[in-house]
Amino acid sequence: MAKVQKINWDFLAVMSSCLEQYIRGRLNPIQILKILESKLSQEDKSNWNPRNSFKGFELIETFLEVKGITQAELSRLINLSPTKVNDLIKGRRKISPKIAKQLALAFEVDHTIFL
């Protein structure tokens, strides 16, 4: 039988808010980690590794929404075909260091969050 994971919706809301504040330049990664860790239950803290919490491709769609740009606009900004951009967003294409740097420039964030 598969283990059922309980979803902490309050934590997800805080995480979403932190991501938006990061994109807008109001929070840095250290501040975000401190906020997120303060919102975790004691049980969750023992199992949480921030490095494993986010996948780079999962962030692209959020950045598009917050920045208010389309996949087509992103494809022009980073000089990739629309099909390749869609593959990145869906997780079908790996984000290379070069693409991570292009995404970072387009979204005005640190490139390491995509790797």
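Counting from 1, one number per residue, gives the positions in the sequence shown under our numbering.
By construction, the Cβ of each residue, glycine as well, lies at the ideal position given by its N, Cα and C atoms.
- Remark: fewer than three beta-carbon pairs, one from each stretch, lie closer than 8 Å, so the region 26-42 and the region 77-85 are not flagged as touching.
- Assignment of S81 by DSSP, reduced to helix, strand and coil, places it in the coil class.
- Rounded to whole angstroms, the gap between the alpha carbons of T70 and L64 is 6 Å.
- Close CB contacts of L19 within its chain, under the 7 Å cut and outside five residues either way in sequence, are with T62 (chain order).
- Separation of I78 and L103 (C-alpha to C-alpha, rounded to the nearest whole angstrom) is 7 Å.
- L59 is classed as buried because its beta carbon has at least 16 other beta carbons within 10 Å across all chains shown.
- Burial state of L74 is buried, judged by a 10 Å Cβ sphere holding 16 or more other Cβ atoms.
- Going by DSSP, T70 is part of no alpha helix (DSSP H) at all; its letter is neither H nor E.
- Annotation for F11: K39, L40 place their beta carbon closer than 7 Å to its own, counting only its chain and skipping 5 residues before and after.
- Between the alpha carbons of K101 and D110 lies a gap of roughly 8 Å.
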